[in-house]
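**Q**
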Amino acid sequence: MSHDPALYDPLLLLCVILGSQNPPPACDLHPVTTIEDYKYFQNGDVIIGGVFSVNDFMNELTYAGFHHYRLCVRPIPQYYKDLLTFRFAIEEINQDQTILPNISLGYHIYDSCSDSMKAVKSVLQILSGPRMTVPNYSCIRQRNVAGFIGDQGSAMTVSMAQILTIYRYSQISYGATSDVLNDRRLYPTFFRTIQCAKRFYLVLSKIIKFFRWTWVGIISSDDDRGHEEIPILTRYLTMDGICVAYIIKVKYVSLNVLDDIERKNMEVIGNSSAHIIILCGKYSADLADRLNVIRGVLHNKTLVFGPTFALVTSLMEHHREAFHGSLALEPSSLPVPDMRSFYESFQTISHPKDMLLALIWLVQLQCLLKNSKMNELYQSIYKKPLHNCTGRERVTDFYSFQSKGLSDRVYKAVYLLAQALHDLHMSTDRRSTDKIALLHRYYQLHHYLENQRDIDGNPYFDRNGDFVDQYSIVNRIGFRNRTHTVRHVGSSEKQDHILHINVERVSWKIGGNQVPASQCSENCLPGTQKVSNSRIYSCCYDCVPCSPGEISNVTDSDTCMKCSDLDWPNEKKDGCVPKQLEFLSYTDDTLVLVISLVSSVFSFITFMILITFILYQDTAIVKANNRNLSFLLLVSIMLSFLCVFLFLGHPVDLTCTLRQVSFGILFSVAVSCLLAKTIMVCIAFKATKPGSSWKLWIGSKWSNSLVMFCSSIQVIICVGWLSLAPPFPELDTWSYQEKIIVQCNEGSVMAFYSVLGYMGVLTSVSFITAFLARTLPDSFNEAKYITFSMLVFCSVWIAMIPAYLSTRGKYMVAVEIFAILSSSAGLLGCIFFPKCFIILWRPELNSRTQLLVGRSR
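Here the working numbering is used: the first residue of the sequence shown is 1, the next is one more, and so on.
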């Protein structure tokens, strides 16, 4: 026995792992309690250790002769393929003179039986030698263990890495995905030809989001692997807006409580509206059996496989209906040579000492072994009869063996380790003549592994020791003839994980190319938004119509978007349309036609009255009270009727500028004329008295001056208004949500009300004057008619003010137009209709004699 100087001295390491109380003597330890250690040896100048999980699980039971022994009793052909690939790669490298020339590689392989304690024992066994397991000692001289390949499961790999890191041995796992192994401070010599679960679930979450699944269930193994992966998976799902409806952890429990647990699990799965189920954690045959029990509620569910489940094709052999149409995310295939002839050479007749191979025939094909105790144990566990086999059965006939699995990862791991050994062998230290001794510097090997690159010069491993890789998205399809296949439907890029998925190639369980839906609530159609109805799940929501003025143009919108000030939601609230422009339009507004007709008719009537007065201007009734004022009044009234057209149509700069100004000036002129007429009535009455001085005031000069003076004040106000803050057209987008009011902004509200105020003062003075003069004797006392006209005028405008202030848009303009038309019509009717009646129908009254008779009364 030789003490290995490279191994320093935690002698209690194995005792801590195996739970022993006292340190064992060197090379005097009892093996771990297993019925069989499945191991393979091949001598060589340099030894590569291999730890493989060929048996799926270790079972603990009480049986005569095997009381409380941990038994490896369920080998998986696909896992056995990984072990054979390792052996093939070693033989191929030994035949290749370009790698490690004149140096042969050997191996020492153990089956860990998917158990971390067995994996630790296997590592120590490889380091110590094939006999006794002794920490820090090697019981074989000149034993050069360079590095390790394995294991597949994370639990076994972490346990191995804890040992190998202490001794600075390089380790390459071909299947472990635990994020714990990314810590380079704890595991600086660890590498893997696969990526960690965090990256896997990042891509898997993107796939779930790609298919718009927002409501999923999770089934996981109830072990360390499941406990580690569930938080990672749920975190990425939550980041992508995906909710987890339930998490079922498959427990390894006794059969007496198994029925109750499975019944509850079936109720949870069957009652849930989550039609997508993600399988994560550690794959085991026991978990597969549990899935087989609940397969009745999986007939309408689509399964998505986690990292370990994705590479286990044996699931489809026994659960074809349940797993048909499922999706799996697998590492992309790596190039490997054709090894079929090598695999086919492994038959029990040609390898009678290969206990794993014999056990595969025992479990898979019920072939009798030479070991009677193993036959008796199998029959006790599986309750199946055994029979003799020819020994020429081929392991390649199993469907799970035909699948790729992790064999390409194993092949790549062996070659990367051998290439690193080659680089170490060809290192710059040429002074040493003993190349085998140079290779014994295994503690330097991880530096060469870090620098391994592909033909393009890209590193194989990232800074955490993960293999730089991309994923393939596959669809597993089962056929009625009990066959199944795997169809490549997409991929993800290495760096940014951008997905490329051909949805049309996916065959779903429900049939056809219709992507199954999986959501807590129905999709919110465009025009609605999601409002959460759950404090726990953000994916459970109600669909609420968008508020007025808002839209949503996508399905399942979280918020509604507000339309611009110039737009308004359409009827479905899924798009913005231009708001309706509201103004008194000539084309599509009946009100404009009525106003135009009324204005035109009254303008024509006023014009005809003016013509009549011109034709009969020499008659007494026309000449009374200054006929020039009558002409001016008629013109102003006619123009007042016509100025209504400035309020109609689409407002522009010119119409906005002129409408209020023209209305204000014309009405001021009209009222000024009435005021002058009233005063002239009073002067004329007083002038009839003998010796009255009022005769000097009779004449048109004074009345014209009064009209000019009163009107000029309004003109000055309007000029100042147009100079300082002229009106302008604007779009009123705030008064109504569904339409835009095209209106004239008055520019200065003070100027506008000054115009109205002055007109009101002028009207009030005219009304009071006319009212006081109404009782003067006169055949045609115009003061009475002016009083009535001013009463109508004031009534109209007083009633107009509250109506004007309470309306918006075109109706506010219509109110002002109505006031203009009504007041103008009132002036025209009260003052001129009686005179026209006398002129046209009672000409005998239109004489100076009749006028003087009236005044003498």
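The beta-carbon is built from N, C-alpha and C at its ideal position, and this holds for glycine as well.
1) Consider the Cβ of residue 80: report whether some Cβ of chain B lies at a distance smaller than 8 Å.
2) Can you tell me where the alpha helix (DSSP H) holding residue 751 begins and where it ends?
3) To the nearest angstrom, report how far apart residue 728 and residue 678 are at their CA atoms.
4) Please report how far the alpha carbon of residue 844 lies from the alpha carbon of residue 621, in whole angstroms.
5) Who are the Cβ neighbours of residue 375 in its own chain at under 7 Å, not counting the five residues just before and after it?
6) Kindly indicate which residue of 151, 152, 177, 189 has the alpha-carbon position closest to the one of residue 165.
7) Determine the closest residue to residue 343 out of 671, 612, 87, 633, with distance taken between C-alpha atoms.
8) Report the rounded CA-to-CA distance for residue 184 versus residue 275, giving the unit in angstroms.
9) Measure how close the beta-carbons of residue 99 and residue 419 come, nearest whole angstrom, since I'm counting them as under 8 Å.
10) Just tell me which of 801, 328, 290 has its CA closest to the CA of residue 812.
11) Could you give the uninterrupted runs of the alpha helix (DSSP H) lying entirely in the segment 361-395, keeping only those of 4 residues or more?
12) For residue 414, count the other beta carbons within 10 Å of its own beta carbon; 16 or more makes it buried, fewer makes it exposed. Which is it?
13) Could you give the residue range of the beta strand (DSSP E) that holds residue 299?
14) Of all the alpha helix (DSSP H) runs that stay within the bounds of the segment 633-692, which reach a length of 4 or more residues?
15) What do you get for residue 505, buried or exposed, if any count of 16 or more other CB atoms within 10 angstroms of its CB means buried?
16) Assign residue 550 to one of three DSSP states: helix, strand, or coil.
17) Can you list, in chain order, the residues of its chain with a C-beta nearer than 6 Å to that of residue 403? Leave out the 5 residues immediately preceding and following it.
18) Excluding the five sequence neighbours on either side, which residues of its own chain have a C-beta within less than 7 Å of the C-beta of residue 644, listed in chain order?
19) If you run the structure through DSSP and keep just helix, strand and coil, what is residue 226?
20) I'd like to know whether the C-beta atoms of residue 74 and residue 154 end up nearer to each other than 8 Å.
21) Please report how far the alpha carbon of residue 623 lies from the alpha carbon of residue 745, in whole angstroms.
22) Is it the case that the Cβ atoms of residue 661 and residue 632 are separated by a distance below 8 Å?
23) Output yes or no for whether 8 Å exceeds the beta carbon distance between residue 191 and residue 307.
24) Grab me the residues of residue 932's own chain with a C-beta within less than 6 Å of its C-beta, minus the 5 sequence neighbours each way, in chain order.
25) Give the C-beta separation of residue 551 and residue 565 to the nearest angstrom, bearing in mind that I take them to be a contact with Cβ-Cβ under 8 Å.
26) Start and end of the beta strand (DSSP E) containing residue 578?
27) Could you give the residue range of the beta strand (DSSP E) that holds residue 147?
28) Between which residues of its own chain and residue 796 is the CB-CB distance below 7 Å, once the five residues before and five after are set aside?
29) Restricting to Cα atoms, I'd like to know which of 336, 619, 491, 589 is closest to residue 92.
30) Given a cut-off of 8 Å on the beta-carbon distance, is the pair residue 214 and residue 516 in contact?
31) Below 7 Å CB to CB, which residues in the same chain sit around residue 837 once its five sequence neighbours on both sides are set aside?
32) Put residue 195 into one of helix, strand or coil per three-state DSSP.
33) Using 8 Å as the threshold, is the C-beta distance between residue 861 and residue 490 below it?
34) Hey, out of 468, 102, 108, 735, whose CA is closest to residue 43's CA?
35) Which whole-angstrom value is the C-beta distance of residue 56 and residue 220, which I expect to be below 8 Å?
36) Buried or exposed for residue 738, going by 16 or more other Cβ atoms inside 10 Å?
**A** So, from the data block:
1) The structure shown contains no chain B, having only a single protein chain.
2) Residue mapping note: residue 751 aligns to position 751 of the sequence shown, counting from 1. Looking at the DSSP string, the run of the alpha helix (DSSP H) that includes residue 751 is 749-772.
3) Along the sequence shown, one-based indexing puts residue 728 at 728. Along the sequence shown, one-based indexing puts residue 678 at 678. When rounded, the distance between both Cα atoms is 38 Å.
4) Locating residue 844 in the sequence shown gives position 844, where the first residue counts as 1. Locating residue 621 in the sequence shown gives position 621, where the first residue counts as 1. Looking at the two C-alpha atoms, the distance is approximately 11 Å.
5) Position 375 of the sequence shown, counted from the start, is the residue given in the question as residue 375. Here the set comprises 368, 369, 386.
6) Counted from its first residue, the sequence shown places residue 165 at position 165. If we check each option's Cα against that of residue 165, 189 comes out closest.
7) Numbered from 1 along the sequence shown, position 343 holds the residue referred to as residue 343. Per the Cα distances, 87.
8) Within the sequence shown, numbered from 1, the residue matching residue 184 stands at position 184. Within the sequence shown, numbered from 1, the residue matching residue 275 stands at position 275. One C-alpha to the other measures close to 40 Å.
9) Residue 99 sits at position 99 when you count from the first residue of the sequence shown. Residue 419 sits at position 419 when you count from the first residue of the sequence shown. Indeed they touch by this definition, with Cβ atoms about 7 Å apart.
10) As a working note, residue 812 is residue 812 in the sequence shown. For the residues 801, 328, 290, the minimum Cα distance to residue 812 belongs to 801.
11) 372-382
12) Here residue 414 refers to the residue found at position 414 of the sequence shown. That one is buried.
13) Walking along the sequence shown from the start, residue 299 turns up at place 299. Looking at the DSSP string, residue 299 is not in any beta strand (DSSP E), and its letter there is neither H nor E.
14) Every unbroken stretch of the alpha helix (DSSP H) spanning 4 or more residues and falling wholly within the segment 633-692 is given here in chain order: 653-687.
15) As a position in the sequence shown, residue 505 is number 505, starting the count at 1. Residue 505 is classed as exposed because its beta carbon has fewer than 16 other beta carbons within 10 Å across all chains shown.
16) Taking the first residue of the sequence shown as position 1, residue 550 is located at position 550. Here residue 550 sits in strand by DSSP.
17) Start at 1 with the first residue of the sequence shown, and residue 403 comes out as number 403. So the list reads 313, once near-sequence residues are dropped.
18) Position 644 of the sequence shown holds residue 644. Beyond the five residues adjoining it in sequence on each side, residue 644 comes within less than 7 Å, by CB distance, of 595, 599, 817, 820, 821 in the same chain, given in chain order.
19) As a first step, residue 226 is located in the sequence shown; it is residue number 226 there, counting from the start. The answer is helix: DSSP assigns residue 226 an H, G or I state.
20) Start at 1 with the first residue of the sequence shown, and residue 74 comes out as number 74. Start at 1 with the first residue of the sequence shown, and residue 154 comes out as number 154. No, Cβ-Cβ distance for residue 74 and residue 154 is not below 8 Å.
21) Within the sequence shown, the letter at position 623 stands for residue 623. Within the sequence shown, the letter at position 745 stands for residue 745. Distance between the alpha carbons of residue 623 and residue 745 is about 44 Å.
22) Counted from its first residue, the sequence shown places residue 661 at position 661. Counted from its first residue, the sequence shown places residue 632 at position 632. In this structure, residue 632 does not lie closer than 8 Å to residue 661 by Cβ.
23) Position 191 of the sequence shown, counted from the first residue, corresponds to residue 191. Position 307 of the sequence shown, counted from the first residue, corresponds to residue 307. Against a cut-off of 8 Å, the Cβ pair of residue 307 and residue 191 comes out as no contact.
24) No statement about residue 932 is possible, as the shown extent of the chain runs from 1 to 857 and does not include it.
25) As a first step, residue 551 must be located in the sequence shown, where it is residue number 551. As a first step, residue 565 must be located in the sequence shown, where it is residue number 565. That pair is no contact at about 14 Å.
26) The sequence position of residue 578 within the sequence shown is 578, counting from 1. Start and end: 576-578.
27) Translated into the one-based positions of the sequence shown, residue 147 becomes position 147. Unbroken beta strand (DSSP E) run through residue 147: 145-149.
28) Start at 1 with the first residue of the sequence shown, and residue 796 comes out as number 796. So the list reads 819, 822, 823, 826, once near-sequence residues are dropped.
29) In the sequence shown, residue 92 corresponds to position 92, counting from 1. Nearest to residue 92 by C-alpha distance, out of 336, 619, 491, 589, is 336.
30) By 1-based counting over the sequence shown, the position of residue 214 is 214. By 1-based counting over the sequence shown, the position of residue 516 is 516. Contact: no.
31) One-based indexing of the sequence shown puts residue 837 at position 837. Take residue 837, set aside five residues on each side of it, and no residue of its chain has a beta-carbon closer than 7 Å to its own.
32) Taking the sequence shown and counting its residues from 1, the one referred to as residue 195 is at position 195. The answer is coil: DSSP assigns residue 195 none of H, G, I, E or B.
33) Absent from the model: residue 861. The displayed extent of the chain is 1 to 857, so no value can be given.
34) Here residue 43 refers to the residue found at position 43 when the sequence shown is read from its first residue. Out of 468, 102, 108, 735, 108 has the C-alpha closest to the C-alpha of residue 43.
35) Within the sequence shown, the letter at position 56 stands for residue 56. Within the sequence shown, the letter at position 220 stands for residue 220. Residue 56 to residue 220, Cβ: 17 Å. No contact.
36) Locating residue 738 in the sequence shown gives position 738, where the first residue counts as 1. The residue is exposed, with fewer than 16 neighbouring Cβ atoms inside 10 Å.
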